[in-house]
Amino acid sequence: MDERFSGFGAFILYTITAGMMLFILAPLLLVMAASVSDSYFVTFPPQGFTLKWYAKVLQDRDFLEAMRLSILLALGTTAGSLLLGVPAAFALVRGRFFGLAAIKGFLLSPLIFPALVTGLALLQVLTKLGSQDARLNLLIGHVVVTSPYVIRTVVTSLQLVDENLEDAARTLGANRLRTFWRVTLPQIASGVAAGGLFAFMVSFDNYPVTMWLANSEYSPVPLILMRQLVNVFDPSVPAMSTIIILMAMVGVLLLEKLVGLRRALAA
Amino acid sequence: MTTSDDAVTVLTVEAPAVAQRRARWRMALPVGLLAVPMLAFLTYFFFYPAFILLFSSIQTQDSRGIIGRPFTLAHYARLINVELYARVLWTTLRISIITSALATVLAYPVALVMVRSRPMVTRIITLIVIAPLIVSVVVRGYGWQLVLQNGPKGMLNWILMTLHIVDAPISVLYTEVAVVIGSLHVFFPMMVLPLASALGKIDPNLEDAARMLGAPWWKVFLRVTLPLSMPGFVAGFTLVFSLTAGSFVIPAILGGASAVMLGNLIEQQIFVVYDWPFGAAIAVVLVGLVLAVNGFSMWLLEGRRLRRPE
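In structure tokens form, the structure reads like this:
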């Protein structure tokens, strides 16, 4: 096939790669197949065809309520992490001050910290503060874990901006804010959008922080799903899962359109 | 702002070097200040909580649930000395190491094909590798629950029995094997992506040269490709190890009672037993483990100890 791979080596490479693609897709495809199969318990091979589980999900008040909460939370998180993250990224790329590298490490450190522990630590402090509104607590926790992603993508795209263009704008009399708005921002727009989209998706799927900060009144989608899975068996779980899979696919395609997946995820 | 900028422009004409230094100085302060809100937010909601957690792990909780003095290391001792808890620590280490090792072996071929194929193939593989990354971990765990279901109605058992590989259904679900499979699925992209980016930076001429000099494909891989891709391997291994060690959802869904990991133990101590100091101590051990692995990999990467001149 490819000139670089030939002989037995190529055979091994392609076989393992194809096998891994199957491995990655199999559980997701099975969930999707199960969501339209006409049996109470999931069996293989799936039997029959029905859309009744979707009809059930769309009338499931708990699920819809959780969906609403998750979307609002993800939107709030996106706004919060962009508001805090974009200026911070700007400072990291353009600032020349003492301890720059240390501050960068400081700002990105939530990335290597186990999110589970981040959530637990936050719960302890928020409890001490007497902050009882689960929605506010979740928003704070999600901004903590998503802002490093925003900083990282925006830093990457800022590093590609030609500073001469900004100098030119300033020489021509634009003040700094105007320069940023008219010259810099258009150049980093795709990076900012990718960071925001990333923040949205990470927040929407987050479990390890959410599990500590949610309560019975405000439970986002992943928590509701987990509860249905572990505690009570609900035959509409595959349908709920499929809805989440499809939403993720839309997100992935958007990300690919905006900046290209490899670049968006590059460390 | 406009006035100060104008002043800078005027100065530039008079004494460029001095003016530039001044301009930089004036720029430096306000630009740096843009990071302050983010710094303040993380200090208050991330570093301070982490410190409090560390602090409460060496304190004592009284019968009313209030945490305070005396200071003690008893919680750490308990994690190591009580066999039930020590086993959880070992299980976590074992699952994390096996998952990262498996991910490495399987990710090399995928990353190689991803980097060295025609654009269309690269695009499709990238999409398939990355797409599940954004699907909720709960959903992926559920998918594996369906695939691995014990009994003849599970997908894996159906396939194995139809192909006559086994006669009776095997039980994979609720074992460590199931947790490794699930973790591999969840964190596989974290291995492929750094590897692909490292492999992409290797000059293909080096491999061609080795081939032309008569090296067989496996020797080219072992002597040229593998050593040059070490930075990607180290980064990927660290990521997969850290994420697996800190997981909660996958062991909860796929491991059941027989593969409890540190994350599950923490949750149980906090939500069921209400033992905050012990929960905090386990969390500190988990963080220590992850930071140690990350520190070691940073030492390897930044010291450039990986690039052997040969």
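Residue numbers (this note's numbering), protein chains in the order written: chain A, 11 to 277; chain B, 12 to 321. The beta-carbon is built from N, C-alpha and C at its ideal position, and this holds for glycine as well.
What did DSSP end up calling G225/B once you bin it into helix, strand or coil?
coil
Would you say P83/A faces chain B, with C-beta separation under 8 Å as the test?
Going by the sequence as given, residue 83/A is Leu instead of Pro. Not an interface residue.
What separation, rounded to the nearest whole angstrom, lies between the Cα atoms of G243/B and A122/B?
10 Å
Taking all protein chains shown into account, decide if K114/A is buried (16 or more other Cβ within 10 angstroms of its Cβ) or exposed.
buried
Extent of the continuous alpha helix (DSSP H) run through T102/B
94 to 127
Tell me the residue span of the alpha helix (DSSP H) that contains M280/A.
The structure shown has nothing for residue 280/A, since chain A only spans 11 to 277.
Do P278/A and L45/B have their CB atoms nearer than 8 Å?
Lying before the first or after the last residue shown, residue 278/A is absent from chain A, which here runs from 11 to 277.
Between F59/A and W169/B, is the Cβ-Cβ spacing less than 8 Å?
no
Could you spell out where the alpha helix (DSSP H) holding N225/A opens and where it closes?
From DSSP, N225/A is part of no alpha helix (DSSP H); its letter is neither H nor E.
Under 8 Å, with one C-beta from each stretch per pair, do the stretch 114 to 132 of chain A and the stretch 177 to 195 of chain A reach the 3-pair mark?
no
Quick check on G95/A: does DSSP put it in helix, strand or coil?
helix
Could you say which of S246/A, K267/A, Q142/A lies nearest to D72/A if we only look at CA atoms?
S246/A
Could you give the distance in angstroms between the alpha-carbon of G17/A and the alpha-carbon of M42/A?
37 Å
Should K164/B be flagged as near chain A, meaning a C-beta pair shorter than 8 Å?
yes
Residues of the stretch 64 to 92 of chain B in Cβ contact with chain A at a cutoff of 8 Å, in chain order, please.
L64, S67
Would you mind stating whether A204/A and T163/A have Cβ atoms separated by less than 8 Å?
yes
How is the alpha helix (DSSP H) around T25/A delimited, first residue to last?
17 to 45
C-alpha gap between M31/A and L256/A, whole angstroms:
18 Å
Kindly give me the distance between the Cβ atoms of W76/B and Y285/B, rounded to whole angstroms, as I take these residues to be in contact under 8 Å.
Checking the sequence shown, residue 76/B turns out to be Gly, not Trp. Confirmed, about 6 Å.
Can you give me, in chain order, the residues of the stretch 143 to 155 of chain B that have a beta carbon less than 7 Å from any beta carbon in chain A?
P143, I145, V146, S147, V148, V149, V150, R151, Y153, G154, W155
Alpha-carbon spacing of V67/A relative to L168/A, whole angstroms
43 Å
Using a 10 Å radius around the Cβ and a threshold of 16 neighbouring Cβ atoms, would you call M131/B buried or exposed?
exposed
Please look up how many angstroms separate the CB atoms of V197/B and I277/B, rounded, as I've assumed it's under 8 Å.
The pair is not a contact, with the Cβ atoms about 19 Å apart (cut-off 8 Å).
Kindly indicate which three-state DSSP category G140/A falls into: helix, strand or coil?
coil
Going along chain B, which residues have a C-beta under 7 Å from I122/A?
S253, V301, N305
Cβ contact (3+ pairs, closer than 8 Å) linking the stretch 56 to 71 of chain B and the stretch 280 to 299 of chain B:
yes
Excluding sequence positions up to five away, which residues of its chain have a Cβ less than 7 Å from the Cβ of T249/B?
V304, N305, S308
Take the Cβ of A118/B as the centre, count every other Cβ of all protein chains shown within 10 Å, and call the residue buried at 16 or more, exposed below.
buried
Can we say the stretch 207 to 223 of chain B touches the stretch 253 to 269 of chain B, given the rule of at least three CB pairs closer than 8 Å?
no
When you compare the stretch 121 to 140 of chain A with the stretch 187 to 196 of chain A, are there three or more beta-carbon pairs, one atom per stretch, that lie closer than 8 Å?
no
Alpha helix (DSSP H) segment containing Y64/A, residue limits
62 to 69
Let me confirm a value: W63/A is counted as buried when at least 16 other C-beta atoms fall within 10 Å, else exposed. Which label applies?
buried
Would you call the stretch 215 to 232 of chain A and the stretch 76 to 88 of chain A in contact, with 3 or more CB pairs under 8 Å?
yes
Within 8 Å, strictly: CB atoms of V140/B and I34/A
yes
CB S200/A to CB L268/A, shorter than 8 Å?
yes
With a threshold of 8 Å, are at least 3 pairs of Cβ atoms found where one atom belongs to the stretch 224 to 239 of chain B and the other to the stretch 87 to 99 of chain B?
no
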